[in-house]
Every structure is written in structure tokens, then in C-alpha cells.
Amino acid sequence: MPTPGSDQAYRQNGGRSVTQRSFGRPQAQEPTFRPVYPGQAWPTQRPAYQPTYTPPPPLDWHQQQARAYTPAPPPKGNRVIGIAAVVALIIGLLAGAGAAVTVVALDDNRPVAEQPAPPVGTGADPKIRSGSVSAVAATLLPSVVQLKVEGADNTNATGSGFVIDNAGHILTNNHVVAAAAKGGAIQIINDKGKSWTARLVGRSPVYDLAVVQVVGLDAPSVQFGRSGLAIVGQDVVAIGSPLGLAGTVTSGIISAKNRPVTTSGDEPGQDSFISALQTDAAINPGNSGGPLVDMNARVIGVNSAIATVRGSSEQSGNIGLGFAIPIDQARRTAQQLIATGTATYPVIGAEVDMQFEGGARVSTVTPASPALRAGLRVGDVITSIDAQPVTSAEALIVAIRTHQPGESVRLVYERGGKARQATVTLGQRTG
981 MPTPGSDQAY
991 RQNGGRSVTQ
1001 RSFGRPQAQE
1011 PTFRPVYPGQ
1021 AWPTQRPAYQ
1031 PTYTPPPPLD
1041 WHQQQARAYT
1051 PAPPPKGNRV
1061 IGIAAVVALI
1071 IGLLAGAGAA
1081 VTVVALDDNR
1091 PVAEQPAPPV
1101 GTGADPKIRS
1111 GSVSAVAATL
1121 LPSVVQLKVE
1131 GADNTNATGS
1141 GFVIDNAGHI
1151 LTNNHVVAAA
1161 AKGGAIQIIN
1171 DKGKSWTARL
1181 VGRSPVYDLA
1191 VVQVVGLDAP
1201 SVQFGRSGLA
1211 IVGQDVVAIG
1221 SPLGLAGTVT
1231 SGIISAKNRP
1241 VTTSGDEPGQ
1251 DSFISALQTD
1261 AAINPGNSGG
1271 PLVDMNARVI
1281 GVNSAIATVR
1291 GSSEQSGNIG
1301 LGFAIPIDQA
1311 RRTAQQLIAT
1321 GTATYPVIGA
1331 EVDMQFEGGA
1341 RVSTVTPASP
1351 ALRAGLRVGD
1361 VITSIDAQPV
1371 TSAEALIVAI
1381 RTHQPGESVR
1391 LVYERGGKAR
1401 QATVTLGQRT
1411 G
């Protein structure tokens, strides 16, 4: 008897179901089945009921999910572009709106070619900056000339000069052209090497100035500055022909103003007294007569003398102590020389002891002179002029010659240990 509840009554052929047919493969399943986790077997038939129990996923299910959703590595070229974009973004943020950055991304593995370096020796030409020494030189060199003088007695001299007007007048030092005063020749050479023969217009041994002229001179005239406005420490440029080297440019500063300087003249009694501009710009023999100019290329002085080391057996060169005649005085003298061939200078009508120190002691008073009319006597010691101290005879003479004939000066002097004052109207002499 079959066991109650068994299916034995329905089984035949060794327990095989008669309702189930097999053709060597299972019947096709409906495609609506969805696995709960990867690898879940498909059921052979849909159950008549929905089970409430869901089997757990495998232990490595999360690792399987991670591997399944990990994207494949992008092509290498795209990676380079991505990195370049990030770099460009960072550079752009750092540079801001004030800079432009170009980033080039390569989509292959070829190395970046090195940019060729600029060729050596073909850089940009230097520019002449306004107010520089080079700008001053470019402006003044065409106006500065070299002088070669041959005297009738076979004496020679060389020096410098500069063109002061459109008529070919050239201002220089008297000691440069003095050899040709009694016959001889004066040759002018411009910055291009062209030469002319000049004539002597006039000279002033007292001021150590002279004017020569070349008709038809191919050279521009200079612009004048104001030496009275020069200040100690300002930059200056000296131009001339030191030791015969034409077109030489040196630079320095104004080291001092109103420096009393005396140079010996070629004739007795014709020493020159200069209230000079002192400069450390290199000045050497041959610079005499050349211009001292400010950084606006305006002439403020005429280079005339240098200090030398005492005891030197030979004439020494530049030691950083050069002296120039202030252009305010030189300009007035040049105008007189062009107009009349001579120049006047102011005097008080008294001589002073050149050896006395501590002031200017009067040694001689000329009859009917301004000094006599002002009450000065022999032995009086002048200690100031126009409130400026007078420490020597040279200082007094230089201070007087900064004025013009007819002007009045106020002197303070000592007589018998007492200070006195006098106002003197300056007379004039020619020289």
C-alpha cells in the first residue's frame, strides 16, 4: 500500500513521473526572471507563490560590484589634455587678469621640442634716454670743435671751443689762441673731421676768454643755461679734445661754486681771476675752451683750468679738480668781444697785497678812483663784500669781477681794529 500522502501511485518506470517529458534539455524559461544577486541560478519553473525569504548574497559581492563599476582607464592623450587643463586653470588663477598664459597639450608621447635660444649679438639696439650722458653727447658733439693754433713765433697750442651763434662765432679760452694774437693761423675741426681756417675776433686775458669766427661753418649753435642756478652735486658733462683726442665726453658733478681760481697770463698784469665752477668731470690739457653742460644739454661753463699736484716736475693730468668759467660771465664777455673786439671788467681802483692772509689788505689807492671816493685808505683790510666773507686778495678780486662796471657793492673793512662799511660804485677797465 502506498504511504498516505506520497505520490507513488503516480510514478511509473522506477519512480519517474509520467506527466514530465524530457527531450534531453529543459524547456525554455520565461525571460521575466531577474536575479537578486549575480550568479543566482534560474529556476526551472515559476513557483505558484512568492517566497518571503531572500537568500543572502555571496561574501565577495561588494568586491564584485566594485570591479563591475570601475571605469576603464581613458586613452593617454586625454589624460594629458586633462592635466594641461588643470595646470592652465591654476596658472590662470595665480596670474590674474594681468598676464596671458598659453598652455599647449600634446596627445602623443613625443617629447616637447626645445625652443631655440636667441642668436648672440643680435639684441635690440640701445636707446638714448632723455637726460642721459649719451643724449647730452648726441646733442652737443656737433657744436663742439677742436682748435689747432700755430703762432708766428713757431709756438703751437691745441684746445677746444663751441659754436655760440649762427654767424659761425666760436667761444674758447684766451690762452688757447693767444699764440696767434700777433700773427699765425687758427684751424677749426668739427666732429666730422672737416676743417676751416678761423679768424680771431677778440680776446680778454682778464677773463681768459676769446672768440674766433668761421664764415659758413657747418655746425649748430649751443643753448645757454644759467650758471647762477647751478647747485653743488648736480650732474654735468664736459666735452672737448683732451691731449688732442677730439670729441671726448666725460661726466661728473658740480663739486663747488664760486671757487676763486687764478691763472697766469702771457703778459704781465694780465692774470685771470675766475669765480669758477669746480667739477670732478675729467678735464685735461686740450679740454680748455670746451663746454661744461647740464643734463638738459645747456652750456653752464667754459672749461679753463685744472689743479695739479705741487712739486710735480711735469704737467699732470686730471686729478678730479677741474674749473670752468661760469657761462653768465662768459656770455657777457663774448657779446662784448663780438661787438668791439675787447671786453671791460669792473674795478674799485685799489690794489691789494697778494701775500696777506685773513682778508684783503689795501696796498695802493688810485687817485680819483671809486675806492678813494668811498673813503678807503692804504692798510685797510676788507673782510666782506655784499655780506660774503673775504679771506684773501684773490677772493676779493674774483668777487668784484662777477659784477659789471657801474654796479655798486658794499664792503666791510677794518681800520685800527674797528669795523667800517663803505659802498663803492665799480669803475671799469679794458682787458
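Under our numbering, the first residue of the sequence shown carries the number 981, and numbering increases by one thereafter.
Each residue gets a CB set at the ideal place from its N, CA and C atoms; glycine is no exception.
Environment of residue i [buried if 16+ CB atoms lie within 10 Å]
| i | result |
| --- | --- |
| Gly-1319 | A small correction: the amino acid at residue 1319 is Ala; Gly does not occupy that position in the sequence shown. The residue in question, Ala-1319, is exposed, as its Cβ has fewer than 16 Cβ neighbours within 10 Å. |
| Val-1195 | exposed |
| Gln-1401 | exposed |
| Asn-1153 | buried |
| Val-1289 | exposed |
| Gly-1329 | buried |
| Arg-1441 | The question about residue 1441 has no answer, for the chain in this structure spans 981 to 1411. |
| Pro-1198 | A quick correction: the sequence has Asp, not Pro, at residue 1198. Result: exposed. |
| Leu-1209 | exposed |
| Gln-1316 | buried |
| Ala-1433 | With the chain running from 981 to 1411 in the structure shown, residue 1433 is simply not present. |
| Arg-1179 | exposed |
| Ala-1190 | buried |
| Ile-1418 | The displayed coordinates of the chain run from 981 to 1411. Any statement about residue 1418 would go beyond what the structure contains. |
| Gln-1368 | exposed |
| Ala-1117 | buried |
| Gly-1111 | exposed |
| Gln-1126 | buried |
| Ser-1244 | exposed |
Residue i: first and last residue of the uninterrupted alpha helix (DSSP H) it sits in
| i | result |
| --- | --- |
| Thr-1119 | 1113-1120 |
| Ile-1318 | 1307-1320 |
| Ile-1328 | Per DSSP, Ile-1328 belongs to no alpha helix (DSSP H) and is neither H nor E. |
| Pro-1350 | 1350-1353 |
| Glu-948 | An answer regarding residue 948 cannot be provided, because it is not within the stretch 981 to 1411 covered by the chain. |
Distance between residue j and residue i (C-alpha atoms, nearest Å)
| i | j | result |
| --- | --- | --- |
| Ile-1211 | Gly-1411 | 30 Å |
| Lys-1128 | Thr-1135 | 11 Å |
| Ser-1388 | Val-1327 | 11 Å |
| Pro-1185 | Ala-1314 | 12 Å |
| Asn-1267 | Ala-1399 | 44 Å |
| Gln-1258 | Gly-1397 | 35 Å |
| Ala-1165 | Ile-1365 | 43 Å |
| Ile-1219 | Leu-1121 | 8 Å |
| Gly-1269 | Ser-1284 | 6 Å |
| Ala-1159 | Gly-1131 | 5 Å |
| Gly-1281 | Asp-1360 | 34 Å |
| Leu-1225 | Lys-1174 | 15 Å |
| Gln-1167 | Thr-1138 | 10 Å |
| Ser-1140 | Val-1202 | 14 Å |
| Ala-1351 | Val-1404 | 6 Å |
| Gly-1213 | Ala-1287 | 19 Å |
| Ala-1256 | Ala-1277 | 20 Å |
| Val-1156 | Arg-1357 | 39 Å |
| Ile-1182 | Gly-1321 | First, the residue type needs correcting, since residue 1182 is Gly and not Ile in the sequence shown. Whole-angstrom Cα-Cα distance: 4 Å. |
| Asn-1170 | Ser-1231 | 21 Å |
| Arg-1390 | Ile-1362 | 11 Å |
| Thr-1242 | Asp-1188 | 10 Å |
| Thr-1119 | Lys-1172 | 14 Å |
| Gly-1355 | Asp-1333 | 18 Å |
Nearest candidate by alpha-carbon position, reference residue i, set the options
| i | options | result |
| --- | --- | --- |
| Glu-1337 | Thr-1138, Ala-1262, Ile-1305 and Ser-1372 | Ser-1372 |
| Ile-1233 | Thr-1403, Val-1332, Arg-1179 and Leu-1301 | Leu-1301 |
| Leu-1272 | Thr-1228, Thr-1288, Ser-1244 and Thr-1243 | Thr-1228 |
| Asp-1215 | Asp-1260, Ala-1199, Ser-1175 and Thr-1138 | Asp-1260 |
| Ile-1144 | Ala-1287, Ala-1310, Val-1156 and Ser-1255 | Ala-1310 |
| Thr-1346 | Ala-1323, Gly-1407 and Ile-1305 | Gly-1407 |
| Arg-1395 | Ala-1190, Val-1342 and Phe-1142 | Val-1342 |
| Phe-1253 | Ala-1262, Asn-1238 and Ile-1263 | Asn-1238 |
| Ile-1305 | Ala-1262, Pro-1240 and Thr-1322 | Pro-1240 |
| Arg-1312 | Thr-1382, Asp-1171 and Ala-1236 | Thr-1382 |
| Thr-1324 | Val-1157, Thr-1243 and Gly-1386 | Gly-1386 |
| Lys-1162 | Asp-1133, Tyr-1393 and Ala-1147 | Asp-1133 |
| Asn-1146 | Ala-1117, Gln-1193 and Ile-1377 | Gln-1193 |
| Asn-1298 | Leu-1223, Lys-1172 and Thr-1344 | Leu-1223 |
| Pro-1236 | Asp-1188, Asp-1251 and Ser-1207 | Going by the sequence as given, residue 1236 is Ala instead of Pro. Nearest of Asp-1188, Asp-1251 and Ser-1207 to Ala-1236, Cα basis: Ser-1207. |
| Val-1370 | Asn-1264, Tyr-1393 and Thr-1344 | Tyr-1393 |
| Arg-1265 | Asp-1308, Ala-1115 and Ser-1221 | First, the amino acid is wrong: residue 1265 is Pro here, not Arg. Ranking Asp-1308, Ala-1115 and Ser-1221 by Cα distance to Pro-1265 puts Ser-1221 first. |
Limits of the unbroken beta strand (DSSP E) element including residue i
| i | result |
| --- | --- |
| Ile-1280 | 1278-1286 |
| Glu-1130 | 1124-1131 |
| Asn-1238 | 1228-1243 |
| Gly-1220 | 1215-1220 |
| Arg-1395 | 1388-1395 |
| Val-1361 | 1361-1365 |
| Pro-1271 | 1271-1273 |
| Gly-1407 | 1407-1410 |
| Leu-1223 | Looking at the DSSP string, Leu-1223 is not in any beta strand (DSSP E), and its letter there is neither H nor E. |
| Gln-1413 | As shown, the chain starts at 981 and ends at 1411. That puts residue 1413 outside it, with no answer to give. |
| Val-1370 | Element bounds for Val-1370: n/a, residue is neither H nor E. |
| Val-1342 | 1340-1345 |
**Report entry** Ranges of the alpha helix (DSSP H) found wholly within the segment 1143-1190, counting only runs of at least 4
**Finding:** With a minimum length of 4 residues, the continuous alpha helix (DSSP H) runs that stay inside the segment 1143-1190 are 1154-1157.
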